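In my numbering, the protein residues as written are 17 to 304. Where a beta carbon is used, it is the ideal one built from N, C-alpha and C, also for glycine. The structure displayed is predicted, hence computed values, not measured ones. Working notes, beginning with the structure itself.
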C-alpha cells in the first residue's frame, strides 16, 4: 500500500544524511573538496537530497517508483513546451551577467577576460550531475509533498528557506562573511521560486529544474577566478525582480486551474489541484 510523500520525513532524513558532511567540513578546515574545486568538503552533501528522495519513494511506493523518480532527472517537456527549456537555461545567466556589469559600473576591480568555452563546457557537465542529485529531492519529491497543502508560490518560498538553511553551514565553512551568507541565503530562496516556475511552466518536467539549477552554478563559477568575485548582494535585487515576476505567472496559472504539474504514471495526484497543466502557447491547455 502506497503512502503520500511527506515533507517532514524528507527534511528529517536529509538532515540525518547531511550531518556527517557538515562534520567532515568542520574537521577538514580549509581543505578544499578536490583539486581545482575551491569548495568546502561539506559541499559533497549535494547528493543527499536525491538519496533521501529515492529512499523515501521506494519505502512509500516501491522500487519501481524509486527508479522512475531517478529517471525523471533527464525528463524533458512535451514538444509544445520545449521553448521553456531556453527560458530555464538563460534567465539566471542573464541576471548574473547583468550583476557583473553592475559591479563594473560601480568601479569594482574585476579581472578582464571571460571564461573559456572548455571551462564552461566542463562546468556544465559537472553541475548537471550535481543539479540532478539535488533536484530529484527538492523538486521531484519535496515540491509535490508541499503542494498537497500549499499553492506553488508558497511552496516555493518555504522550500527555498529550507534549502537556504541547509546550505548556510557550507557557506560559512567556505570562509564567507555573515553579510555574504545572508545575501546568498536570500538568493537561494529567489532561485527556488524561479526553479518552481521553470518546473511548473514545463508541465512538470524535472529536467527543466535540473537545467536551471545547473545554469546557476555555471554562472557563478564563470565569474573571474572561479567565482571568487561573485557578489550575491549585487545579484539579489535582480533575482528578486525575476522571482516576483515568476510568482505572478505561477499565481496566474493557479487562477486558471492549471497550476499543478501533470499527473504521471505511478504518481500521486496533488490534493485539491486540477490535473490540467499550465497553458500551452496561444492560451490552449492540455487536459490530462
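Looking at the unbroken alpha helix (DSSP H) that takes in residue i, where does it start and where does it end?
i	result
residue 38	23-44
residue 70	64-77
residue 115	99-121
Could you check how far apart the C-beta atoms of residue i and residue j are, in whole angstroms? I think they sit under 8 Å.
i	j	result
residue 230	residue 144	5 Å
residue 91	residue 217	At roughly 14 Å, the Cβ-Cβ gap does not stay under 8 Å, so residue 91 and residue 217 are not in contact.
residue 255	residue 207	7 Å
residue 21	residue 219	The Cβ separation is near 19 Å, so there is no contact.
residue 148	residue 228	Contact doesn't hold; Cβ gap of about 12 Å is too wide.
residue 248	residue 203	5 Å
residue 58	residue 40	6 Å
residue 37	residue 60	6 Å
residue 184	residue 201	6 Å
residue 119	residue 250	6 Å
residue 245	residue 126	5 Å
residue 161	residue 270	Going by Cβ atoms, the distance from residue 161 to residue 270 rounds to 18 Å, so no, they are not a contact pair.
residue 88	residue 156	6 Å
residue 258	residue 111	6 Å
residue 182	residue 85	That belief does not hold up - the Cβ atoms of residue 182 and residue 85 are roughly 20 Å apart, past 8 Å.
residue 108	residue 232	5 Å
residue 234	residue 136	7 Å
> In the region 151-225, which residue ranges form an unbroken alpha helix (DSSP H) of at least 4 residues, counting only runs that do not cross its ends?
Replying inline: 159-163, 168-189, 194-217
>> Closer than 8 Å is the cut-off here; do at least three beta carbon pairs connect the region 160-175 with the region 256-272?
In response: yes
> Curious, which full-length alpha helix (DSSP H) runs of at least 4 residues does the region 235-262 contain?
Replying inline: 240-243
> Counting Cβ pairs closer than 8 Å, one from the region 180-194 and one from the region 233-245, do we hit at least three?
Replying inline: no
>> With a threshold of 8 Å, are at least 3 pairs of Cβ atoms found where one atom belongs to the region 53-67 and the other to the region 144-153?
In response: yes
> Any contact of the region 70-84 with the region 211-221, i.e. 3+ C-beta pairs under 8 Å?
Replying inline: no
> Should the region 129-137 be called in touch with the region 29-49, which here means at least 3 C-beta pairs below 8 Å?
Replying inline: no
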